[in-house]
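Start counting the sequence shown at 28; every next residue gets the next number (my numbering). Glycine is no exception: its CB is placed at the ideal position from the N, C-alpha and C atoms. So the structure is just underneath, and the comments pick up after that.
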Amino acid sequence: MAETNTPDPLQWLVEEWARQLTTVLETMTGESPYVTFAAHSASASECDAASDLLWWAQPFSLGPESMMWVAAAASSWQQIGGKVLSSAGVEDGDPESIRSTYLEIVHQGLSGIAGALSGRAGREVSCQEGKPAAPPAPVDGSCYSFEVDLGELKAPLFVVFSPALGVVTEESTEDFPKPIEQPPTKAATPVAAKHNSIDLLLDVELPVSVSFGRAQLPLKDVIKLTTGSIVELNRAVSEPVDVIVNNCVIARGEVVVVEGNFGIRIRQVVSRQERLRTLY
């Protein structure tokens, strides 16, 4: 349930972040979180004093000033990261694994924001290289506090949206085509058809494979391959492997062994834009 005291034009963007956060956590934990938010007045002294905050600064390709900053106190990111790892069967994760898991949730949520901004702006918007950094003081932007409620987990987060994002959202909303109003009597038919189409697809079988890496070899080297030959792949041992469904990378994860069989623990579900770029 979201607060209604959010000023336009950022209300859509703030609500979208709450939706993305809810979706990512539900996907990773199998439980439905309850995310609330409210406007928050932050000063430069508050940000400087909050030394335990783990910040992530995310620029978008809309322009150099299009930024989001996401922050969580140690207790919050430890709870969130630990909850996701626990849902994946890892009960005693080390602090670095918990931290990286929390940041992965943030990254996936921000990827969703980029996709939503693409729809509003009418062109592709992507996340550029982010970094752990707080917003410059004094804080120039709209500040909001979010709280994630997931069972016994209650974790507050802090988000700052740069003014440039508000301007982009406002301008693109004005130019965005208005939906065509349909008579109420005709609305039920396409909705029902869509629902039935999805039901029909649920039993469709798709090939699932895992890619440890790729390599290109000249034909003369391929001919020389024998038992015991080693082919070097384009991926380090520590890097995650690709989970491929129907020739499209949908997720990345790490290799695990379950009762003597190999398996994959999903660490990242890739965005729709990235799936299109990774078609095999």
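Spatial neighbours of residue i in its chain, beta-carbon cut-off 6 Å, leaving aside the 5 residues before and after
i: LEU99; result: The amino acid occupying residue 99 in the given sequence is Ala; Leu does not appear at that position. For ALA99, where only same-chain residues beyond five positions count, the Cβ hits under 6 Å are LEU81 and LEU184.
i: LEU112; result: GLY120 and THR128
i: ASP79; result: ALA100 and ALA101
i: THR254; result: none
i: HIS67; result: CYS170, TYR171 and SER172
i: LEU48; result: VAL62 and GLY136
Beta-carbon proximity check, residue i vs residue j, cutoff 8 Å
i: VAL175; j: LEU52; result: yes
i: GLN105; j: LEU180; result: no
i: PHE239; j: LEU252; result: no
i: TRP96; j: ALA182; result: no
i: ALA278; j: VAL270; result: yes
Length of the line joining the Cα atoms of residue i and residue j
i: SER88; j: LEU233; result: 34 Å
i: VAL272; j: VAL237; result: 9 Å
i: ASP121; j: LEU246; result: 46 Å
i: MET94; j: LEU130; result: 17 Å
i: ARG309; j: GLY146; result: Lying outside 28 to 307, the shown extent of the chain, residue 309 is not represented and no answer is given.
i: VAL258; j: SER265; result: 17 Å
i: GLY178; j: LEU244; result: 52 Å
i: SER102; j: VAL133; result: 16 Å
i: GLU42; j: VAL285; result: 39 Å
i: PRO267; j: PHE289; result: 14 Å
i: PHE64; j: PHE173; result: 4 Å
i: GLY287; j: GLY157; result: 39 Å
i: ILE125; j: LYS110; result: 9 Å
i: THR50; j: SER59; result: 8 Å
i: ASP248; j: SER256; result: 11 Å
i: VAL117; j: VAL276; result: 25 Å
i: ARG294; j: LEU144; result: 24 Å
i: GLY193; j: ILE250; result: 59 Å
i: VAL231; j: GLU151; result: 31 Å
Residues bridged to residue i [DSSP beta-bridge criterion]
i: TYR171; result: ALA66 and VAL186
i: VAL83; result: The sequence shown places Trp at residue 83, not Val. DSSP lists VAL97 as partners of TRP83.
i: ASP269; result: SER238 and ARG279
i: VAL284; result: PHE289
i: LYS181; result: ASP176
i: GLN295; result: ARG279
i: TYR61; result: ASP176
i: LYS158; result: ALA84
Proximal residues to residue i (C-beta, below 8 Å), its chain only, five neighbours per side dropped
i: SER298; result: GLN135, SER138, GLY139, ALA141 and GLY142
i: THR54; result: VAL296
i: PRO159; result: LEU81, TRP82, TRP83 and ALA84
When the options are compared against residue i, the one with the closest alpha-carbon
i: GLU123; options: SER113, GLY108 and SER114; result: GLY108
i: ALA164; options: SER153, LYS110, SER189 and GLY280; result: SER189
i: SER153; options: VAL62, LEU40, VAL231 and GLN85; result: GLN85
i: TYR171; options: VAL62, ASN288 and GLY290; result: VAL62
i: TRP44; options: HIS67, VAL186, GLY157 and GLU92; result: VAL186
i: ASN274; options: THR254, THR49, ASP248 and VAL235; result: VAL235
i: GLN155; options: GLU92, ALA66, GLU118 and GLY193; result: GLU92
Sequence-distant residues of the same chain with beta carbon closer than 7 Å to residue i, five excluded per side
i: GLY90; result: ALA191
i: ARG241; result: LEU260 and ASN261
i: ARG292; result: ALA115, GLY280, GLU281 and VAL283
i: GLY57; result: SER114
Distance cut-off 7 Å: residue i Cβ against heavy atoms of the ligand GTP
i: GLY139; result: This structure lacks the ligand GTP, and indeed carries no ligand of any kind.
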